[in-house]
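S.K.:
2 protein chains.
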Amino acid sequence: MNSELLKSEHLLALLKELSSQVDTELDRVLPRADEPPRPIHEAMRYSLFSGGKRLRPALVLMGCEACEGERTAALPAACAFEMIHTYSLVHDDLPAMDNDDFRRGRSTCHKAFDEAIAILAGDALLTHAFELLAKGLPASCGASLIAEIASAAGTAGMIGGQVADVTSERLPSDAELVEFIHRRKTAALIRQAVRTGAIIAGAPPDRVGAITEYGAKIGLAFQIVDDILDVEGTTQQLGKTAGKDAAQGKQTWPAAFGLEASHRKAAELIAEAKHALQPLGTSGEMLGLLADYIAARKS
Amino acid sequence: MNSELLKSEHLLALLKELSSQVDTELDRVLPRADEPPRPIHEAMRYSLFSGGKRLRPALVLMGCEACEGERTAALPAACAFEMIHTYSLVHDDLPAMDNDDFRRGRSTCHKAFDEAIAILAGDALLTHAFELLAKGLPASCGASLIAEIASAAGTAGMIGGQVADVTSERLPSDAELVEFIHRRKTAALIRQAVRTGAIIAGAPPDRVGAITEYGAKIGLAFQIVDDILDVEGTTQQLGKTAGKDAAQGKQTWPAAFGLEASHRKAAELIAEAKHALQPLGTSGEMLGLLADYIAARKS
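First to last, the protein sequences are chains A and B. Counting along the first sequence from 1, when you hit position 259 you're at 255 in our numbering, and nothing is skipped either side. Counting along the second sequence from 1, when you hit position 270 you're at 266 in our numbering, and nothing is skipped either side.
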């Protein structure tokens, strides 16, 4: 086995380990499914434990470890990012938004429960994420980091991207608009996840800056790859309906720039992300492998 | 003019002053309506500036002043409570929830905009509330107070009450259930508002305790009066459709206990709330008047 292959085996083993730690912690901090009122706690757990890749929590934990921080110190924040990500999916899937019946190969929250519970489960995941952050962040960075995370999740970040996404369906493809959407809808939270890990580790500003740049690059690459997979992938591979972007007239990178240019842009961003990690030396190795993993993913 | 009348004039003047200060601060901290993506910022402002009574922010500010705190120190938290309250109304009004077309005498958010924007505007108000808390709370109480507020707004509090409310429509009236709902849906956030003001003021535990008890009592009384008004009031008085609770088969105090017992319970709670304020002496006078005001309100 060559050394590249060995390293990527190492990354996969690490991702599996992190994902399992995050799942255990999520299970511990969430209200039990049978705690009243029952349907909301069942719905929160249904959506959180649905086979997600736990990319955002992995980024928090790996960002922390790349800056010599203790993994356990970043575990509450890692869980909070997964809750914020999951709430956004639950609300995006609603009939009034993207109207998706399947996610990760099974019924979306509003199909498994009903629309009212899905709206409230999303609200609750967001609320509990902030409770977890407030309880679990180190005192040294607590409030200012919560403000940063809220900003990345709000109308300057994720929600703003989602608004631009839903209000620009069926408009002519617009290169500037697609970048506006992707930077906010997806990249803002991914960037903030890995940055949060570095801040929890108490990293100096230049390291936090390097990791933040890395996060912004892989975040944008992640969404471009998502757009490409929606064109090139199958529903079975993706665990969600393929070809939906075109059917819904979404603003996507392939629609604005073509498939070939999209592949090229994703590859460029991954190279730039890895370059940004240079100041970290060997501590940044796993994050570099993760960038390649994001580019190569098939679902 | 007798002295009781003078005092209630004084309370009304204070509420007007507080409401105006809160409006000015909300206008300052919210993104401008024309900031892209525009519809979300328009919708957030539409729902926030719709003639609300600003009761929760007033409670934060009055709780702070009753404990000799500076009003300005509590202003960001006051705005955050109004954002949390408003997000809950925007989501409650959605077709999948209470399906209300009117609120405070004009179209609800999803009627004025659309459902997708209303869902996202609610999400954004909640997210920005936490950003404001993280930026604006005194460092001495920041993170632990954010955790408390999130808990009061989450499934142990407001959201939990809302879930029990929507899932128990058309069930037989149940006294225990109606108390479960009202304590969470309405009282939890009102209690937390006035408690937050006391904590920001740096009040000692016994004062915080007294004010918290006061908040829990007026919070429950507020919802019972709401239920009574839905039976006895007119749509014009209320600025929302009267008689909706019965039409939707809601769990209400009058349905479970009768109108007369509801009036009696509200009066008892108000008396108990005022009694709880005794340790505060004259500093608690305005909060006492506010309790009477809540009992006497007609809209």
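Where a beta carbon is used, it is the ideal one built from N, C-alpha and C, also for glycine. These numbers come from a predicted model, not from an experiment.
(1) Check this for me: beta carbons of P72 (chain B) and G132 (chain B), under 8 Å apart or not?
(2) Secondary structure at F98 (chain A), three-state DSSP: helix, strand or coil?
(3) Which residues of the segment 166 to 190 of chain A have a Cβ closer than 7 Å to any Cβ of chain E? Give them in chain order.
(4) Given that Q158 (chain A) touches chain B, what residues does it touch there, using C-beta distances under 7 Å?
(5) Check each residue of the segment 43 to 64 of chain B: if its Cβ is closer than 7 Å to any Cβ of chain A, include it; give the result in chain order.
(6) Going along the segment -2 to 32 of chain A in order, which residues come within less than 9 Å of chain B, judged by CB to CB distance?
(7) Starting from the C-beta of G239 (chain B), find all residues in its chain whose C-beta is less than 6 Å away, skip the five residues before and the five after it, and write them out in chain order.
(8) Pick helix, strand or coil for S303 (chain B), following the three-state DSSP scheme.
(9) Whether or not the segment 124 to 144 of chain B and the segment 63 to 81 of chain B are in contact is what I'm after, with contact meaning three or more pairs of Cβ atoms, one per stretch, closer than 8 Å; do they touch?
(10) Do you know how far the Cα of A62 (chain A) is from the Cα of G193 (chain A)?
(11) Quick one: list the residues of chain B neighbouring F98 (chain A), beta-carbon separation under 8 Å, in chain order.
(12) Going by DSSP, name the residue or residues bridged to S103 (chain B).
(13) Mind pulling the chain B residues with CB within less than 7 Å of A92 (chain A)?
(14) With a Cβ-Cβ cutoff of 8 Å, do L330 (chain A) and M282 (chain A) count as a contact?
(15) Just to confirm the assignment, what range does the alpha helix (DSSP H) spanning A74 (chain A) have?
(16) Apart from the five residues on each side of it in sequence, which residues of its chain come closer than 6 Å, Cβ to Cβ, to H87 (chain A)?
(17) Can T151 (chain B) and P27 (chain A) be called in contact, C-beta distance under 8 Å?
(18) Please name the residue in B:I36, B:G153, B:T237, B:R203 whose C-alpha comes closest to that of L116 (chain A).
(19) Could you name the residues of chain A that T163 (chain B) contacts, counting a contact when the two beta carbons are closer than 7 Å?
(20) Taking L129 (chain A) as the reference, give the member of A:V159, A:A189, A:A112 with the closest Cα.
(21) Measure the Cβ-Cβ separation of G235 (chain A) and R100 (chain A) and say whether it is below 8 Å.
(22) In whole angstroms, what is the alpha-carbon distance linking I142 (chain A) and D23 (chain B)?
(23) Under 7 Å Cβ to Cβ from I186 (chain B), same chain only, skipping five residues before and after it: list those, please.
(24) Can the beta-carbon of V113 (chain B) be found less than 8 Å from the beta-carbon of I36 (chain A)?
(25) So, does the CB of S147 (chain B) fall closer than 8 Å to a CB anywhere in chain A?
(26) I'd like the span of the alpha helix (DSSP H) that includes T301 (chain A), first residue to last.
(27) Would you kindly work out how many angstroms separate the C-alpha atoms of F109 (chain B) and A39 (chain B), rounded to a whole number?
(28) Cα separation between P134 (chain A) and D19 (chain A)?
(29) At the level of alpha carbons, what is the spacing between L121 (chain A) and S279 (chain A)?
(30) Between the C-alpha atoms of I266 (chain B) and F253 (chain B), what's the straight-line distance to the nearest angstrom?
(31) Rounding to the nearest angstrom, what Cα-Cα distance links E144 (chain B) and S258 (chain A) in this structure?
(32) Below 8 Å on the Cβ atoms is my guess for I196 (chain B) versus A70 (chain B); work out the distance and round it to an integer in Å.
(33) Using a Cβ cut-off of 7 Å, pull out every chain A residue sitting near T151 (chain B), in sequence order please.
(34) Between R50 (chain A) and S4 (chain A), which are expected to be in contact by the criterion C-beta below 8 Å, what is the C-beta distance as a whole number of angstroms?
(35) For R293 (chain B) versus V221 (chain B), is the C-beta distance shorter than 8 Å?
(36) For G284 (chain A), count neighbouring Cβ atoms within 10 angstroms of its own Cβ and tell me buried if that reaches 16, exposed if not.
M.R.: Taking the definition as stated:
(1) By 1-based counting over the second sequence, the position of residue 72 (chain B) is 76. By 1-based counting over the second sequence, the position of residue 132 (chain B) is 136. Taking 8 Å as the Cβ cut-off, P72 (chain B) and G132 (chain B) qualify as a contacting pair.
(2) The residue given as residue 98 (chain A) occupies position 102 in the first sequence. Strand.
(3) Protein chains in the displayed structure are A and B, and chain E is not among them.
(4) Residue 158 (chain A) sits at position 162 when you count from the first residue of the first sequence. Correct list: L116.
(5) none
(6) P27, E31, P32
(7) Taking the second sequence and counting its residues from 1, one reaches residue 239 (chain B) at position 243. Excluding positions up to five away in sequence, the list is empty.
(8) No answer is possible for residue 303 (chain B): the residues shown for chain B start at -3 and end at 295.
(9) yes
(10) Within the first sequence, the letter at position 197 stands for residue 193 (chain A). Within the first sequence, the letter at position 66 stands for residue 62 (chain A). Rounded to the nearest angstrom, the two C-alpha atoms are 9 Å apart.
(11) In the first sequence, counting from the first residue as 1, residue 98 (chain A) sits at position 102. Correct list: empty, because the minimum Cβ distance to chain B is about 19 Å.
(12) Your numbering for residue 103 (chain B) matches position 107 in the second sequence. DSSP output for S103 (chain B) lists B:F98 as bridge partner(s).
(13) Taking the first sequence and counting its residues from 1, one reaches residue 92 (chain A) at position 96. Those are E111, A112, I115, listed as they occur along chain B.
(14) Absent from the structure is residue 330 (chain A), since the part of chain A shown begins at -3 and ends at 295.
(15) To locate residue 74 (chain A), count along the first sequence from 1; it is residue 78. Per DSSP, A74 (chain A) belongs to the alpha helix (DSSP H) from 67 to 88.
(16) For this step, residue 87 (chain A) is matched to residue 91 along the first sequence. Cβ within range, chain order: G118.
(17) To locate residue 151 (chain B), count along the second sequence from 1; it is residue 155. To locate residue 27 (chain A), count along the first sequence from 1; it is residue 31. Yes, the Cβ-Cβ distance between T151 (chain B) and P27 (chain A) is below 8 Å.
(18) Here the question's residue 116 (chain A) lines up with position 120 in the first sequence. For the residues B:I36, B:G153, B:T237, B:R203, the minimum Cα distance to L116 (chain A) belongs to B:G153.
(19) The residue labelled residue 163 (chain B) in the question sits at position 167 within the second sequence. In chain order: P33, P35.
(20) By one-based count along the first sequence, residue 129 (chain A) stands at place 133. If we check each option's Cα against that of L129 (chain A), A:A189 comes out closest.
(21) Taking the first sequence and counting its residues from 1, one reaches residue 235 (chain A) at position 239. Taking the first sequence and counting its residues from 1, one reaches residue 100 (chain A) at position 104. Cβ atoms of G235 (chain A) and R100 (chain A): closer than 8 Å.
(22) Numbered from 1 along the first sequence, position 146 holds the residue referred to as residue 142 (chain A). Numbered from 1 along the second sequence, position 27 holds the residue referred to as residue 23 (chain B). The straight-line gap from Cα to Cα measures roughly 22 Å.
(23) Counting from 1 along the second sequence, the entry for residue 186 (chain B) is found at position 190. Excluding sequence neighbours, I186 (chain B) sits near R52, L55, G211, I214, G215, F218.
(24) For the purposes of this step, residue 113 (chain B) is identified with residue 117 of the second sequence, where counting begins at 1. For the purposes of this step, residue 36 (chain A) is identified with residue 40 of the first sequence, where counting begins at 1. Looking at the sequence provided, one finds Ile at residue 113 (chain B) rather than Val. No, Cβ-Cβ distance for I113 (chain B) and I36 (chain A) is not below 8 Å.
(25) Within the second sequence, residue 147 (chain B) is the residue found at index 151, counting from 1. Yes, S147 (chain B) lies at the interface with chain A (some Cβ there is under 8 Å from its Cβ).
(26) The requested residue 301 (chain A) is not part of the displayed model; chain A covers only -3 to 295.
(27) As a working note, residue 109 (chain B) is residue 113 in the second sequence. As a working note, residue 39 (chain B) is residue 43 in the second sequence. Whole-angstrom Cα-Cα distance: 7 Å.
(28) On the first sequence, position 138 is the one that residue 134 (chain A) refers to. On the first sequence, position 23 is the one that residue 19 (chain A) refers to. Straight-line Cα distance between these residues: approximately 21 Å.
(29) As a position in the first sequence, residue 121 (chain A) is number 125, starting the count at 1. As a position in the first sequence, residue 279 (chain A) is number 283, starting the count at 1. In a straight line, the C-alpha of L121 (chain A) is about 33 Å away from that of S279 (chain A).
(30) One-based indexing of the second sequence puts residue 266 (chain B) at position 270. One-based indexing of the second sequence puts residue 253 (chain B) at position 257. Spanning the two alpha carbons is a distance of roughly 18 Å.
(31) Taking the second sequence and counting its residues from 1, one reaches residue 144 (chain B) at position 148. Taking the first sequence and counting its residues from 1, one reaches residue 258 (chain A) at position 262. Distance between the alpha carbons of E144 (chain B) and S258 (chain A): 46 Å.
(32) The sequence position of residue 196 (chain B) within the second sequence is 200, counting from 1. The sequence position of residue 70 (chain B) within the second sequence is 74, counting from 1. About 5 Å separates the two Cβ atoms, so the contact holds.
(33) Against the second sequence, residue 151 (chain B) aligns to sequence position 155. Under the 7 Å cutoff, chain A gives P27, I36, H37, A120.
(34) Counting from 1 along the first sequence, the entry for residue 50 (chain A) is found at position 54. Counting from 1 along the first sequence, the entry for residue 4 (chain A) is found at position 8. At roughly 18 Å, the Cβ-Cβ gap does not stay under 8 Å, so R50 (chain A) and S4 (chain A) are not in contact.
(35) On the second sequence, position 297 is the one that residue 293 (chain B) refers to. On the second sequence, position 225 is the one that residue 221 (chain B) refers to. Result yes, Cβ atoms of R293 (chain B) and V221 (chain B) sit closer than 8 Å.
(36) Along the first sequence, one-based indexing puts residue 284 (chain A) at 288. With 16 or more Cβ atoms within 10 Å of its Cβ, G284 (chain A) is classed as buried.
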